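What follows is a set of notes on a single structure, which appears directly below.
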């Protein structure tokens with residue numbers, strides 16, 4: 017006999033878990049402005065600045081969704097109205113979003129072009145730029161550059177044959193990166209390889225390579241003794257940052273543009289380097305750094321609530337304890353995301369599996385479709401979800417993506433479980449006069465339960481892993497500190513998400529293993 | 037009680053000639069009679085049994101049960117009027133002895149109490165001690181015990197007809213002989229119409245009132261053990277009856 021009580025209990029648990037996730041909308045009375053920012057330090061600091069200005073200088077409430085997974089995610093969210101604004105770069109708008117084929121060097125023309133095109137095509141407004149130009153640059157170790165007498169990119173040419181470069185993967189693949197730069201300056205280097213950006217800095221500091229690509233406002237430029245080479249022939253396109261806002265948001269809140277414009281041309285490149293450095297190297301809090309700048313600029317009153325700078329420096333234990341509340345909260349979100357997704361998959365895959373076995377049609381198709389979903393990279397699937405109407409930048413998108421991943425293991429095991437029930441038993445059941453439904457419910461399903469549960473177990477462990485990516489679309493979970501830690505190069509922060517996530521996976525595996533044993537009919541246990 | 041009227045059963049095989057498992061078979065089973073279907077592997081005896089409770093439908097001919105064409109009866113209702121025992125017992129491994137025997141009673145909506153007392157009664161009938169057995173799972177039983185539970189399960193709804201497919205075929209010779217003797221006693225006690233499949237001459241002659249001898253899907257001869265011995269229809273029957281006196285042929289599962 018299948019144990020209806022057990023299933024009912026599980027179902028009730030799911031609903032309980034689902035309730036807060038689904039119901040996290042309505043927030044209060046004051047109108048909310050949702051700010052997005054991309055998953056790197058500078059974008060997040062700019063996002064915090066915008067949030068602080070809105071919170072303290074308007075009667076609106078700012079909701080900052082930080083660390084969204086890149087331009088595509090942010091832009092899609094903005095278009096769907098999931099967020100109202102985010103800081104964007106002119107060069108990014110030019111090449112990634114508008115996909116303009118030509119190169120542009122003139123900053124003003126670039127700005128006016130993206131402004132006009134965004135307005136015309138998307139109903140999105142570019143407000144006045146912050147002042148910083150975070151474009152690409154080439155950097156060389158100070159002592160090496162001094163020895164070779166290199167100040168500009170053109171100066172590299174006589175030495176090109178003896179120079180080894182380590183460029184970021186992105187720089188290696190973009191037309192405004194190395195593929196364009198090399199021919200433009202006629203550089204033929206001794207070797208060029210792609211490296212993770214953080215590692216490239218370590219490599220050049222150690223003398224393993226001679227050249228790296230850098231962002232011109234990168235905080236690391238202050239940490240390592242690097243000389244940024246002047247782009248003397250003007251190859252790199254301008255990347256001026258500015259807030260971009262939905263036109264309907266601006267129309268609904270007439271004072272908003274003026275408040276945001278207070279940041280226009282207030283941030284110089286070297287100031288931005290300092291702010292990035294403060295977060296990445298001094299381990300200070302984003303909001304605190306943003307506030308410090310705004311106060312210094314006279315845009316905000318001095319910080320209320322004192323200095324809660326729970327610096328990220330200090331012992332690992334102390335750090336873990338200081339993050340305990342966050343970890344519980346994120347862990348709980350993580351559990352909700354995976355539980356809801358796996359339960360939905362269970363509710364779909366088991367009946368589907370039963371139907372496929374009974375009718376014998378569409379099985380290959382269903383397994384094929386579920387298999388194809390498995391091959392889609394998780395991040396791509398998440399990015400796709402936010403474009404789906406009604407999902408957007410929410411836990412719902414993450415749940416749907418996780419659900420799609422969870423379907424295959426459960427479906428496959430349901431099919432296997434039902435198929436491997438001894439044919440003689442089914443025959444005996446028919447022979448003594450059981451109806452097809454009675455055979456299914458009383459013989460096949462109970463006997464298949466251990467196999468189905470093993471599928472649920474696999475699906476859950478996979479989902480706990482994939483759910484760490486939910487942070488990329490602002491859906492929370494234990495991925496949040498991992499994502500933040502990754503772009504801050506902060507191992508402790510990464511571990512503070514990764515260790516609980518791993519523990520959660522182990523715990524789920526163990527717990528479901530016990531449940532599997534309990535649901536195994538006693539007569540079958542070994 | 038049961039009448040097979042020119043029944044044929046042909047299985048189509050993809051890319052091969054169809055198999056004529058049963059050919060124009062006519063046979064009557066009288067009320068309260070025990071009939072054995074006897075014959076070598078592949079003679080169609082198991083198929084014939086499965087035709088009676090409509091696990092297979094005939095390609096031609098008619099099967100009449102209790103005066104009614106079986107094809108017009110809901111197969112589930114039909115099967116619940118016929119107990120069915122298979123070679124390995126066919127017990128459901130996730131159910132206890134009590135649940136196995138009482139399953140059909142519960143499905144018929146009997147109360148727990150009524151089912152309980154029925155299960156106890158049946159266990160006693162098949163010679164098992166209820167208290168020691170009811171809560172065991174099939175994996176915890178010996179082969180002989182499993183077969184007895186299988187018989188008890190088949191009798192749960194007190195059907196008029198009992199169909200047995202090589203009920204003792206999978207047992208060791210000693211257990212088999214003991215069970216055959218006991219079954220003979222049960223047979224007299226419950227006094228039902230029984231059809232059982234056997235490849236074992238001695239078993240068939242011991243348990244059956246009449247024996248139907250099958251070969252290649254055709255009925256060769258049907259009669260009491262004495263009639264078969266004294267007046268064999270042809271030389272094949274003579275050879276069949278004399279060639280394997282009580283031989284322990286291997287269990288016969290493959291005859292479709």
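Residue numbers (my numbering), protein chains in the order written: chain A, 17 to 542; chain B, 37 to 292. C-beta atoms are modelled at their ideal positions from N, C-alpha and C, and glycine is treated no differently. Since this is a predicted model, take the numbers as computed values, not measurements.
Beta-ladder partner(s) of residue 70 of chain B, from DSSP:
B:230
Can you give me the Cβ contacts of residue 445 of chain A inside the same chain, cut-off strictly under 6 Å, excluding the 5 residues immediately before and after it?
455, 459
Would DSSP call residue 512 of chain A helix, strand or coil?
helix
If you run the structure through DSSP and keep just helix, strand and coil, what is residue 296 of chain A?
helix
Whole runs of the alpha helix (DSSP H) within the segment 172-200 of chain A, excluding any shorter than 4 residues:
185-189
Starting from residue 240 of chain A, follow the alpha helix (DSSP H) in both directions and report where the run begins and ends.
Premise fails: residue 240 of chain A is in no alpha helix (DSSP H) and is neither H nor E.
Using only alpha-carbon positions, find the residue among A:457, A:251, A:103 that is nearest to residue 366 of chain A.
A:457
At 8 Å on the CB atoms, spell out the chain B contacts of residue 462 of chain A, in chain order.
130
For a minimum of 4 consecutive residues, which ranges assigned as the alpha helix (DSSP H) are wholly contained in the segment 138-166 of chain B?
148-161
Could you check if residue 67 of chain B is buried or exposed, using at least 16 other CB atoms within 10 Å of its CB as the buried criterion?
exposed
Along chain A, which residues have their Cβ under 7 Å away from the Cβ of residue 254 of chain B?
In chain order: nothing, as chain A lies at least about 25 Å away.
I'd like to check one pair, residue 264 of chain B with residue 80 of chain B: are the Cβ atoms closer than 8 Å?
no
Kindly indicate if chain B contains any beta-carbon less than 8 Å away from that of residue 457 of chain A.
no
Quick check on residue 441 of chain A - is its C-beta less than 8 Å from some C-beta in chain B?
yes
Does DSSP put residue 352 of chain A in a helix, a strand or coil?
helix
Taking Cβ positions only, does residue 115 of chain B come closer than 8 Å to chain A?
yes
Select from B:271, B:55, B:88 the residue whose C-alpha is nearest the C-alpha of residue 46 of chain B.
B:55
Residue 39 of chain A (DSSP reduced to helix, strand or coil)
Its pLDDT being 38, under 50, residue 39 of chain A is placed unreliably by the model, and the measurement read from it follows with that caveat. Coil.
Sequence-distant residues of its chain with Cβ nearer than 6 Å to residue 41 of chain A (five each side left out)
The predicted model places residue 41 of chain A with a pLDDT of 41, which falls under 50 and marks its position as unreliable; any figure quoted below should be read in that light. Result list for residue 41 of chain A: empty, nothing under 6 Å.
For a cutoff of 8 Å on Cβ pairs, would you count residue 46 of chain B as touching chain A?
no
Going by DSSP in three states, residue 52 of chain B sits in which element: helix, strand or coil?
strand
Nearest by alpha-carbon distance to residue 82 of chain A: which of A:500, A:95, A:157 is it?
A:500
Taking 8 Å as the CB-CB limit, is residue 467 of chain A close to chain B?
no
Cβ of residue 454 of chain A less than 8 Å from any chain B Cβ?
yes
For residue 232 of chain B and residue 436 of chain A, what's the separation of their Cα atoms in angstroms?
29 Å
Residue 539 of chain A CB to nearest chain B CB: under 8 Å?
yes
Looking only at its chain, what residues have a beta carbon closer than 6 Å to the beta carbon of residue 389 of chain A, apart from the 5 residues adjacent to it on each side?
420
For residue 350 of chain A, is the classification buried or exposed, using 16 other Cβ atoms within 10 angstroms of its Cβ as the cut-off for buried?
buried
Could you check whether the Cβ of residue 446 of chain A sits closer than 8 Å to any Cβ belonging to chain D?
Looking at the structure shown, chain D is missing, and the protein chains on hand are A and B.
What does the alpha-carbon distance come out to for the pair residue 182 of chain A and residue 465 of chain A?
53 Å
Under 8 Å, Cβ to Cβ, is there at least one residue of chain B near residue 433 of chain A?
no
Rounded C-alpha distance that separates residue 287 of chain A from residue 62 of chain A
12 Å
When you compare the CB of residue 124 of chain B with every CB in chain A, is at least one pair closer than 8 Å?
yes
Residues of the segment 175-187 of chain B in Cβ contact with chain A at a cutoff of 7 Å, in chain order, please.
175
Who are the Cβ neighbours of residue 211 of chain A in its own chain at under 6 Å, not counting the five residues just before and after it?
182
If contact means a Cβ-Cβ distance below 7 Å, which residues of the segment 341-361 of chain A contact chain B?
none
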